[in-house]
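Each remark here refers to the structure printed beneath this line.
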Amino acid sequence: MSVTLHVDLAALLARRDLTVDDIADLPEDLRYELIDGRLVVSPLALPIHQFIAFRIAVASEERCPEGVLVNGEQAVLLDRRNELRPDVVLIYEEGAGRSPVRPDDVPLVVEVISESSKKFDRDEKLKKYAYVGIRNYWIVDPLAERVTLTQFALGPGGDYQQLIQTDELVTVDCPWEITLDLPAWTRRRDRIRAVARPDS
Numbered sequence: 001m002s003v004t005l006h007v008d009l010a011a012l013l014a015r016r017d018l019t020v021d022d023i024a025d026l027p028e029d030l031r032y033e034l035i036d037g038r039l040v041v042s043p044l045a046l047p048i049h050q051f052i053a054f055r056i057a058v059a060s061e062e063r064c065p066e067g068v069l070v071n072g073e074q075a076v077l078l079d080r081r082n083e084l085r086p087d088v089v090l091i092y093e094e095g096a097g098r099s100p101v102r103p104d105d106v107p108l109v110v111e112v113i114s115e116s117s118k119k120f121d122r123d124e125k126l127k128k129y130a131y132v133g134i135r136n137y138w139i140v141d142p143l144a145e146r147v148t149l150t151q152f153a154l155g156p157g158g159d160y161q162q163l164i165q166t167d168e169l170v171t172v173d174c175p176w177e178i179t180l181d182l183p184a185w186t187r188r189r190d191r192i193r194a195v196a197r198p199d200s
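So for the sequence shown, the UniProt record's numbering puts the first residue at 1; every next one is plus one.
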């Protein structure tokens with residue numbers, strides 16, 4: 001069985017014309033995105049990346065209105081050739097009965113930058129999320145000197161407008177009031193960097 005899956009996965013990775021139907025049977029625990037008809041499989045994220053995504057989710061839940069679900073790595077269907085998995089996704093409950101979820105049911109997506117995703121998160125994903133009308137997009141960058149939040153919201157022309165970029169303790173009011181302790185995340189990241197054993 002695993003040999004068949006490996007062969008199928010290798011064949012899918014070689015293609016550039018995939019649709020969501022072609023990847024519907026991939027294992028749920030496989031970290032992948034469908035980008036312009038190309039299957040992109042990602043390595044497991046570092047623990048600090050996961051920690052920051054978790055802290056964003058917890059902060060988002062604190063004042064989360066009834067009727068909204070906070071989720072991590074939820075597949076979002078942009079179109080037949082694009083299915084992305086942001087690190088944190090807010091979903092209206094009416095759209096939470098399916099996966100992937102639809103953009104109309106998503107008031108916010110958050111991408112936590114990693115070495116392998118930094119260019120794509122800042123450029124292509126910015127365009128793709130705006131194109132499908134997701135009203136709020138955050139980029140959190142733990143690779144910068146200090147952990148940084150860049151907050152975008154859709155403007156009247158359908159493009160994202162940058163609202164803030166900060167590495168301070170910040171409370172945003174969109175999609176609702178959410179407080180992010182970026183300095184605490186920087187301290188935690190720096191402590192981990194100082195004590196973590198090198199990869200062997």
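Here a beta-carbon is modelled for each residue, glycine too, at the ideal position from N, C-alpha and C.
For residue i, three-class secondary structure by DSSP
| i | result |
| --- | --- |
| Trp138 | strand |
| Val88 | strand |
| Glu66 | coil |
| Leu44 | coil |
Sub-9 Å separation of residue i and residue j beta-carbons
| i | j | result |
| --- | --- | --- |
| Arg31 | Pro43 | yes |
| Val76 | Ile134 | yes |
| Ala59 | Leu180 | yes |
| Glu141 | Ile164 | It is Asp, not Glu, that sits at residue 141 in the sequence shown. Contact flag unset, no. |
The beta strand (DSSP E) enclosing residue i, as first and last residue numbers
| i | result |
| --- | --- |
| Ile35 | 32 to 35 |
| Arg38 | 38 to 41 |
| Leu78 | 76 to 79 |
| Asp181 | 178 to 181 |
| Leu108 | 108 to 112 |
Strand pairing of residue i, partner residues [DSSP]
| i | result |
| --- | --- |
| Thr166 | Leu149 |
| Gly133 | Note: Gly133 sits in no beta bridge, so no partner. |
| Gly72 | Val88 |
| Leu154 | Tyr160 |
Run of the alpha helix (DSSP H) containing residue i, from where it starts to where it stops
| i | result |
| --- | --- |
| Asp121 | 118 to 122 |
| Leu9 | 2 to 14 |
Cβ separation of residue i and residue j, assumed to be a contact under 8 Å, to the nearest whole Å
| i | j | result |
| --- | --- | --- |
| Leu90 | Val106 | 6 Å |
| Leu108 | Pro175 | 5 Å |
| Ala130 | Gly97 | At roughly 26 Å, the Cβ-Cβ gap does not stay under 8 Å, so Ala130 and Gly97 are not in contact. |
| residue 206 | Val110 | Coverage of the chain is limited to positions 1 through 200, which leaves residue 206 absent and any answer about it impossible. |
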